[in-house]
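Line by line, the protein sequences give chains R and L.
Position 25 (the first sequence) corresponds to 25 in our numbering; numbering is contiguous.
Residues are numbered in our numbering as their position in the second sequence, beginning at 1, plus a constant of 1000.
For every residue, glycine included, the Cβ atom is placed at its ideal position computed from N, Cα and C.
Have a look at the structure below, then the notes.
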Amino acid sequence: MRLLALASRNLKETYRDPVALGFLLGFPLVFMMLFGAIFSGEETPNYAIGVIDEDNTPMSQAFVDEALAQVPVLEVSAYDDTATALKDLKFGDLKAYIVIPPGFGQQVNSNWQGDKADIVLNITYDESDLQVSEQIITTINAATRAFARIEIPVTIDAEPIHIETEIDYMDFIGPGIIVFGILIIIPTAARTMVSDKEKGMLARLLTTPTRPIDFILGYSVGLVLLAAAQIIIIMVATWLFGLNMTGNPFLAFFVFLLTSMCCIGIGMVVASLTKTENQAEPLCWLFAMPLAALSGCWFSIELMPSYLRTFANVFPFAHTVEASRAILIRGVGLEAISYDFFFLVGWAVAIFVIGVILFRRSMRS
Amino acid sequence: MTPQGAKQARAGDDFAIQTFNLTRKFNSLVAVDGIDLNIKRGELFALLGPNGAGKTTTINMLCCLLKPTSGTAQVLGYDILKQPFKIKETIGVSPQETVISEHLNPRENLALIGKIHGIDSTELKIKAQELLVIMGLESRAKDQVRKFSGGMKRRLNVAMALIHNPRVLFLDEPSLGLDPQARRAVWEYIIKLKKEMTILLTTHYMDEADFLADRIAIIDEGKIVALGTSAKLKKGIVEKQTMVIQAQSFTQKVINEMRSRYEEVEVTEEDRMVISDKKLVFQEIVDLLHNSGTIVSSASMKEPTLDDVFLHITGKELRE
């Protein structure tokens, strides 16, 4: 009864607040529209890239002919040697060229058979246009990962290879936008709790028989419901903007929901450490923005230096991006993302426990 | 139980609130300094004092929001340190700051507190309706309270303390920021509640304490400096009577005459005379002035106020 009364109050306080709601839904939707307009329009950019196939196996050929050739933004040409490709790159005829090293086919095969093997591709690109080179690398990366991890029979000669033909920028960025939207739960959660502390609502309710755990659950239930609604809205919006949901959207939803619980926990920690909204808000963004950048929302974390990648993997968001891309784009099931999934479960439990302990302590003081 | 213990228990039963050397320090500042209070059941008791005197700190300890540094208190026989949740079930609190959920309507705000106290929904609807009518909020029952004026929010703040029919009500500066009309409405409602519950009210408005309270404790710098009914407190400080006379003008001869008869005579603004002495006879003074040819336009005996009581005891104004 108490829990429901508090949860319902917290939910109404947020969804009836146009500013909070605008942030929660409007912000990621604006990003989506922006990216949708940039990358889903008719004027999709075409980048010329060269390929030097040093592996020269049926697998590497399939990769060039079916994976790379069918990525809409890439115009692929085969080269015999790097010197010619480099010359064309310098003349501006190419934006990048890829060298498929010997052993590539072997590595992909190992991946298909369940052994995690590094896929090595050498990409030389024109770094003068940062945005374009970033997009090319990101796209090649996504296409390669889709190709290497796809769950198909092992013998390529026996079955025609089905490649994700629609790996475009929206597919890459879509899950990232959803994760970015979820990150906004951090300031939303912190603001809800700190505002009650700052304005005396917490003190007023502490003169009633409400127990600290009622407050914590009241906040959490309200925020989880809000997060669930937000995730559904943003998932539908990304789908409308052209995200191809190959895998199970319910599994992806569950991964996102676990992430939102991590965000509520972080928000609770921030709310415990601060006394006013003015303190909590910037602290939340201090968390949220670097975490968004490190999560692989905007660009692949594979491109980051290894120490940053290690750091990014400590937080749940890189795992969410990875798992949700695997589910939505590559169509994998729970077994394939079990590490990321259980990492998220562990993180959500741990941060909630820390948040509850700290928030209880802050209520007592 | 020993006869002595039974006697103490019976004495305790008569009181809704008792404090025992209740003390609260914030670092070196002693906000509440060894207060001993016995507030009877059904009594409306006012804590009167200037801002920072320790009124809210006292209430916060009695509501189990703040732990005392030393001493303790009981509310309806429950100890604030040992049985806080028993106390929280029985009290209603209207805090000094207006604390409401801005995006909820008044009915939802009332329902929130009602549901937390486990009030059944039918009873909740009836009580909420009654309070909305009394507080003049019925016509705005469906509007989010963020659109309300300060006075309306304040009235809702008080109503939220009453939704669950508490046995002890704490009203911390209930009429702060209210216009005179709304203030009067809140006062009248508080008077109606007097017989139904014990009320501890804090205020720095002496007229509020004077009008509402059965007994008043004057608090200053964390200590109770005077306690009693309003009449008793005022009577206790009346050492001199004061009369204020308004006339067209006072001649020097009249002023000298008055000064020879009475202890203190002060003429302000040429047409206003204030006379003080241990005993003043109203008619005698009016006749004296009349016989000396002074045209008196008004004359009155000045009654002492609680402000005078405060000034007399502490040597400073209540609103300093």
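Query, Result
"Helix, strand or coil for LEU273/R per DSSP?", "helix"
"Would you mind stating whether THR1103/L and GLU13/R have Cβ atoms separated by less than 7 Å?", "At residue 1103/L the sequence reads His, which differs from the Thr that was named. Cβ atoms of HIS1103/L and GLU13/R: closer than 7 Å."
"Can you pull the chain R residues whose beta carbon is under 9 Å from the beta carbon of PRO1095/L, in chain order?", "GLY200, ALA203, ARG204, THR207"
"Can you check whether the CB of GLY1136/L is closer than 7 Å to the CB of ASP1179/L?", "no"
"Is there a Cβ of chain L sitting closer than 7 Å to that of ALA323/R, yes or no?", "no"
"Using a Cβ-Cβ cutoff of 8 Å, what residues of the region 1103-1126 of chain L are near chain R? List them in chain order.", "HIS1103, LEU1104, GLU1108, ALA1111, LEU1112, ILE1113, LYS1115, ILE1116, HIS1117, GLY1118"
"In whole angstroms, what separates the C-alpha of PRO58/R from that of SER260/R?", "43 Å"
"Do MET1061/L and PRO1050/L count as a contact pair if the criterion is CB distance below 7 Å?", "no"
"Closer than 7 Å, CB to CB, is SER1101/L near chain R or not?", "yes"
"State the CB to CB distance for the pair PHE180/R and ALA292/R, rounded to an integer number of angstroms; the pair is presumed to be in contact (CB under 8 Å).", "5 Å"
"For a test of the three-state rule: what should DSSP assign to LYS1232/L, helix, strand or coil?", "helix"
"Under a Cβ-count criterion, where at least 16 other Cβ atoms within 10 Å of its own Cβ denotes burial, should SER306/R be classed as buried or exposed?", "exposed"
"So, does the CB of LYS1088/L fall closer than 7 Å to a CB anywhere in chain R?", "yes"
"Would you grab the beta carbon distance between ALA1226/L and ILE1313/L for me? Rounded to a whole angstrom, and I think it's under 8 Å.", "5 Å"
"Count the other CB atoms within 10 Å of the CB of ILE264/R; is the residue buried (16 or more) or exposed (fewer)?", "buried"
"Going along the chain, which unbroken runs of the alpha helix (DSSP H) with 4 or more residues stay wholly within the region 1243-1267 of chain L?", "1252-1261"
"The beta strand (DSSP E) with GLN70/R in it runs from where to where?", "No beta strand (DSSP E) holds GLN70/R; DSSP gives it neither H nor E."
"Measure from the alpha carbon of SER1292/L to the alpha carbon of each residue in VAL1254/L, LEU1311/L, PHE1310/L, then state which is nearest.", "VAL1254/L"
"Say whether the region 1039-1054 of chain L touches the region 1204-1212 of chain L, bearing in mind that this needs 3 or more beta-carbon pairs closer than 8 Å, one atom from each stretch.", "yes"
"Within the continuous alpha helix (DSSP H) that includes ARG1154/L, where are the two ends?", "1150-1160"
"So, does the CB of LEU1065/L fall closer than 7 Å to a CB anywhere in chain R?", "yes"
"I'd like to know whether the C-beta of PHE1085/L is nearer than 7 Å to at least one C-beta of chain R.", "yes"
"My output table needs one value for GLY1315/L: the three-state DSSP class, helix, strand or coil.", "coil"
"List the DSSP bridge partners of ALA142/R.", "DSSP output for ALA142/R lists no bridge partner at all."
"Below 8 Å on the Cβ atoms is my contact criterion, and I expect ASN10/R with LEU286/R to pass it. Report the Cβ-Cβ distance as a whole number of Å.", "Actually they do not touch by this definition, with Cβ atoms about 24 Å apart."
"Could you tell me how far apart the beta carbons of LYS1088/L and THR208/R are, in whole angstroms, since I believe they sit closer than 8 Å?", "6 Å"
"Can you check whether the C-beta of GLU434/R is within less than 7 Å of a C-beta belonging to chain L?", "Past the edges of chain R, shown from 1 to 365, lies residue 434/R, and the structure says nothing about it."
"Could you round the C-beta distance between VAL1168/L and THR1057/L to whole angstroms and report it? I think they count as a contact, below 8 Å.", "In fact, because the Cβ distance is near 18 Å, the residues do not count as touching under 8 Å."
"Suppose the cutoff is 6 Å on Cβ atoms and the five residues either side in sequence are ignored; what does the same chain contact list for GLN1018/L look like?", "ASN1038, GLN1074"
"Determine the chain L residues that contact ASP17/R at a beta-carbon separation under 7 Å, and present them in chain order.", "HIS1103"
"Can you give me the C-alpha to C-alpha distance between GLN135/R and ALA142/R, rounded to a whole angstrom?", "10 Å"
"Figure out for me which residue from ALA189/R, MET245/R, PHE241/R has the closest Cα to the Cα of MET33/R.", "PHE241/R"
"Tell me which same chain residues have a C-beta within less than 8 Å of the C-beta of ALA1159/L, skipping the five on either side of it?", "PRO1106, LEU1110, LEU1131, LEU1132, ILE1134, MET1135, LEU1137"
"Return the CA-CA distance between MET235/R and ILE178/R, expressed in angstroms with no decimal places.", "7 Å"
"Going by DSSP, what residues sit across from GLY50/R in a beta bridge?", "SER77/R, TYR97/R"
"Return yes when the Cβ of LEU68/R is within less than 7 Å of the Cβ of PRO368/R, no when it is not.", "One cannot answer for residue 368/R here, as it falls past the ends of chain R, which runs 1 to 365."
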